[in-house]
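Here the sequence shown is numbered in our numbering, starting from 12 and rising by one per residue.
Backbone N, C-alpha and C define an ideal beta-carbon position, used for all residues, glycine too.
Scroll down for the structure; my scribbles are underneath it.
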Amino acid sequence: MTPALWQKKQEECIKAYRFVTIISRYLYLVYYKCKSFANMKLTPKRGKVLDVLKKQKRMLTAQEIKAYTPNIDLTTIYRSLELFQKDGLVREVILPTKESAYEYVSDVHDHVVCNSCKQIKHVRIERKYLNSIPELKHFDAQSIEVTVRGNCKQ
């Protein structure tokens with residue numbers, strides 16, 4: 012094997028090692044996030060509730076989750092949602108009807124809620140605008156949720 016070929020193979024191995032390292036770190040984080048932040052045991056029923064929220068990619072009430080998981084009683088669904096909220100996996104949103112809806116926390120996004128037609132839209136508000144709020148200058152925010160309520164023009 013020539014030195015040039017040897018060096019090329021060595022570089023390929025280094026790239027492969029870096030790739031595997033990045034993937035293994037990512038998988039560890041996914042496992043850690045799904046498994047628990049507070050030593051919560053991810054039971055099969057809790058896993059199904061979480062899967063419904065992930066797959067639907069929208070806010071669901073406990074009753075709607077129940078429709079997707081008929082073999083799981085409503086009490087278990089509410090308890091699971093409460094644990095997921097504590098671990099930061101799920102966010103609760105109070106609808107204009109005063110009912111709670113839940114969504115899987117996949118990224119930072121905010122909501123615009125119409126009081127008249129009850130439509131909810133996901134929006135992204137740049138966090139740099141929040142830096143102009145004096146009270147947040149010396150505050151380490153762990154999470155920020157913005158909900159804009161009003162009436163749409165339709």
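Excluding the 5 residues flanking it on each side, Val-63 has same chain C-beta neighbours closer than 8 Å at Leu-71, Ile-76, Tyr-79, Thr-80, in chain order. A residue is called buried when at least 16 other Cβ atoms come within 10 angstroms of its Cβ; Arg-102 meets this threshold and is buried. For Ile-88, there is no enclosing beta strand (DSSP E); the residue is part of the alpha helix (DSSP H) that begins and ends at 85-98. Residue state for Arg-102 is assigned as strand, using DSSP reduced to three classes. Residue environment analysis places Glu-22 among the exposed positions, since fewer than 16 neighbouring C-beta atoms fall within 10 angstroms of its C-beta. In this structure, the straight-line span from the alpha carbon of Cys-125 to that of Arg-69 is close to 16 Å. Ranked by how close their Cα comes to the Cα of Val-116, the residues Leu-147, Phe-30, Val-104 have Val-104 in first place.
The continuous alpha helix (DSSP H) containing Val-60 extends over residues 55-67.
CA-CA distance, Thr-54 to Asp-121, rounds to 30 Å. Your pair Val-60 and Ser-91 checks out as a contact, with CB atoms roughly 5 Å apart and the cut at 8 Å. Check the Cα spacing between Thr-158 and each of Lys-52, Lys-132, Arg-29, Thr-108: the tightest is with Lys-132. Counting along the chain, Lys-132 sits inside the beta strand (DSSP E) bounded by residues 131-134.
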